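*Asks:* Residue numbering for the sequence shown is -22 to -1, 1 to 220, as defined by mature numbering (1 follows the signal peptide of the UniProt record, and there is no 0).
Just so you know, even glycine gets a beta-carbon here, dropped at the ideal spot from N, CA and C.
In this text the structure is predicted, and so the values were computed from the model without any measurement.
The structure that follows is given in the form of structure tokens.
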Amino acid sequence: MFSYFKIATLSLVLILVHSTIGQQSQLIQFWNSANCVGNPFASWTASANYTTPPPGLTQPLYYKVNGLWEIIPCLSPTNCTVPWIRSGFPGPCTQLLFPYNLTDLRVRRIGDANQNERKITFFELPNFQGQSISVVPPETNFSSRTAQSYYFTGLNSWVYKSSPDNFISVCYNYSLDVKNAGYGFTYSEATIANIGYVKYGCDVQQSTTTRKPGSSGGGIVGPNNAVYYAFILVFALICLKY
């Protein structure tokens, strides 16, 4: 039979693993109180539309975001302002000014829930708007087109060219923030890329993350997940042996 110590060790391992996985999950939360005090009035892990803020909502709002999200304030169901792109690892409590006659608050989650999918997505317009095309390993070629924004997640890298036979290629490697955390987004909200061929994996070590001034994100320095999980496993095996 397991001793109480071994049972406690297994419980601790499960808690640590669950905590780390939870940090990867995309999440956006809103408060109507400074410093995000108390319970959020809204909390989402997926895109949400036509969400009416609570009665008596006043300027300003405060939010926390983990992952990559689009926030869309609306004056009516058919009249919305310019969307805001926000990101975090997770991000701090941040103030968000909005129109005084706000009636609806919508959010769009960008990318996979756990921020580690082997896929890159290009958009025809800046800020992840317009038609998109996604590529998964190993490679894909298609009619050449211009992309003005893109994102991918996890410890992945990608090569693109304007055509399969073009000898000039560009590498998109994961950002330093993603390297430190072991998960997350590498993206550009505004770029120009002529793509006709995309392949998974590249050797050039460069960071390509671009953010708009004022957007949140990239503050955390955390353990690489593979190393972290390996340490937990070794620790558990040693404790169980003795």
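Once you ignore the five residues that flank Tyr138 on each side, which residues in its own chain have a CB closer than 6 Å to its CB?
*Replies:* Locating residue 138 in the sequence shown gives position 160, counting from the first residue. Cβ neighbours of Tyr138 beyond the five flanking positions: Val148, Ile173 and Val176.
*Asks:* Give me the residue from Gly162, Pro18 and Thr81 with the minimum Cα distance to Arg96.
*Replies:* Counting from 1 along the sequence shown, the entry for residue 96 is found at position 118. Closest option to Arg96, Cα to Cα, is Gly162.
*Asks:* Under the three-state reduction of DSSP, which class applies to Leu46: helix, strand or coil?
*Replies:* One-based indexing of the sequence shown puts residue 46 at position 68. Looking at Leu46 - three-state DSSP - the assignment turns out to be strand.
*Asks:* Quick check: what's the CA-CA separation for Gln4 versus Asp143?
*Replies:* For this step, residue 4 is matched to residue 26 along the sequence shown. For this step, residue 143 is matched to residue 165 along the sequence shown. If I take the Cα positions, the gap works out to 38 Å.
*Asks:* So what does Lys157 bridge to, in DSSP terms?
*Replies:* As a working mapping, residue 157 is identified with position 179 in the sequence shown. Answer is none; Lys157 lacks a bridge partner.
*Asks:* My output table needs one value for Gln73: the three-state DSSP class, helix, strand or coil.
*Replies:* In the sequence shown, counting from the first residue as 1, residue 73 sits at position 95. If DSSP states are grouped into helix, strand and coil, Gln73 belongs with the strands.
*Asks:* Tell me, to the nearest whole angstrom, how far the beta carbon of Asn94 is from that of Gly132; I am working on the premise that it is less than 8 Å.
*Replies:* For the purposes of this step, residue 94 is identified with residue 116 of the sequence shown, where counting begins at 1. For the purposes of this step, residue 132 is identified with residue 154 of the sequence shown, where counting begins at 1. With 8 Å as the limit, Asn94 and Gly132 qualify as a contact, their Cβ atoms being about 4 Å apart.
*Asks:* What distance in whole Å lies between the Cβ atoms of Tyr152 and Ser166, which are believed to be in contact at a cut-off of 8 Å?
*Replies:* Within the sequence shown, numbered from 1, the residue matching residue 166 stands at position 188. Within the sequence shown, numbered from 1, the residue matching residue 152 stands at position 174. At roughly 13 Å, the Cβ-Cβ gap does not stay under 8 Å, so Ser166 and Tyr152 are not in contact.
*Asks:* For Cys180, which of helix, strand or coil comes out of DSSP?
*Replies:* The count along the sequence shown starts at 1 and reaches residue 180 at position 202. Reduced to three states, the DSSP call for Cys180 is coil.
*Asks:* Between the Cα of Thr81 and those of Val113, Pro18, Asp155 and Leu53, spot the shortest distance and give me the residue it belongs to.
*Replies:* As a working mapping, residue 81 is identified with position 103 in the sequence shown. It is Leu53.
*Asks:* Can you give the Cα-Cα distance for Ile146 and Ala168, rounded to whole angstroms?
*Replies:* Against the sequence shown, residue 146 aligns to sequence position 168. Against the sequence shown, residue 168 aligns to sequence position 190. Approximately 21 Å, taken between the alpha carbons.
*Asks:* Using 8 Å for Cβ pairs, my map puts Ile6 next to Val85. What's the rounded Cβ distance?
*Replies:* Residue numbering aside, residue 6 sits at position 28 when the sequence shown is read from its first letter. Residue numbering aside, residue 85 sits at position 107 when the sequence shown is read from its first letter. With 8 Å as the limit, Ile6 and Val85 qualify as a contact, their Cβ atoms being about 6 Å apart.
*Asks:* If we ignore side chains and look at the alpha-carbon of each, how far apart do Asn17 and Trp9 end up?
*Replies:* In the sequence shown, the residue the question calls residue 17 occupies position 39. In the sequence shown, the residue the question calls residue 9 occupies position 31. When rounded, the distance between both Cα atoms is 7 Å.
*Asks:* Tell whether a beta-carbon distance below 8 Å holds between Phe67 and Leu39.
*Replies:* For the purposes of this step, residue 67 is taken as the residue at position 89 of the sequence shown. For the purposes of this step, residue 39 is taken as the residue at position 61 of the sequence shown. Contact: no.
*Asks:* Within 10 angstroms of the Cβ of Lys190, are there 16 or more other Cβ atoms? Answer buried if so, exposed if not.
*Replies:* As a position in the sequence shown, residue 190 is number 212, starting the count at 1. Caution is warranted here: a pLDDT of 37 is assigned to Lys190, below 50, making its placement in the model unreliable, and no coordinate value can be reported.
*Asks:* Give me the residue from Ala171, Gln2, Trp22 and Thr23 with the minimum Cα distance to Pro104.
*Replies:* Within the sequence shown, residue 104 is the residue found at index 126, counting from 1. Cα-wise, what sits closest to Pro104 is Ala171.
*Asks:* Along the chain, where does the beta strand (DSSP E) containing Cys149 start, and where does it finish?
*Replies:* Locating residue 149 in the sequence shown gives position 171, where the first residue counts as 1. Counting along the chain, the beta strand (DSSP E) containing Cys149 begins and ends at Val148 to Tyr150.
*Asks:* Apart from the five residues just before and just after Ala20, which ones in its own chain have a Cβ nearer than 6 Å to its Cβ?
*Replies:* Mapped onto the sequence shown, residue 20 falls at position 42. Phe8, listed in sequence order.
*Asks:* Answer with buried or exposed for Asp181, where buried requires no fewer than 16 other C-beta atoms within 10 angstroms of its C-beta.
*Replies:* Stepping through the sequence shown from its first residue, residue 181 is reached at position 203. Burial call: exposed.
*Asks:* Pro51 bridges to which residues according to DSSP?
*Replies:* Translated into the one-based positions of the sequence shown, residue 51 becomes position 73. Beta-bridge pairing links Pro51 to Leu83.
*Asks:* Would Tyr128 and Leu46 qualify as a contact pair, given that the criterion is a beta-carbon distance under 8 Å?
*Replies:* Locating residue 128 in the sequence shown gives position 150, counting from the first residue. Locating residue 46 in the sequence shown gives position 68, counting from the first residue. For Tyr128 and Leu46, no; Cβs fall outside 8 Å.
*Asks:* Going by C-alpha to C-alpha distance, which of Lys42, Gly69, Asn44 and Leu83 sits closest to residue 223?
*Replies:* The structure shown does not extend to residue 223, since the chain is modelled only from -22 to 220, so the question has no answer here.
*Asks:* Could you spell out where the beta strand (DSSP E) holding Phe145 opens and where it closes?
*Replies:* Walking along the sequence shown from the start, residue 145 turns up at place 167. Careful: Phe145 lies outside any beta strand (DSSP E) and carries neither H nor E.
*Asks:* Between Thr124, Trp22, Glu117 and Ala91, which lies nearest to Phe100 when the distance is taken from Cα to Cα?
*Replies:* Your numbering for residue 100 matches position 122 in the sequence shown. It is Thr124 whose Cα lies nearest to the Cα of Phe100.
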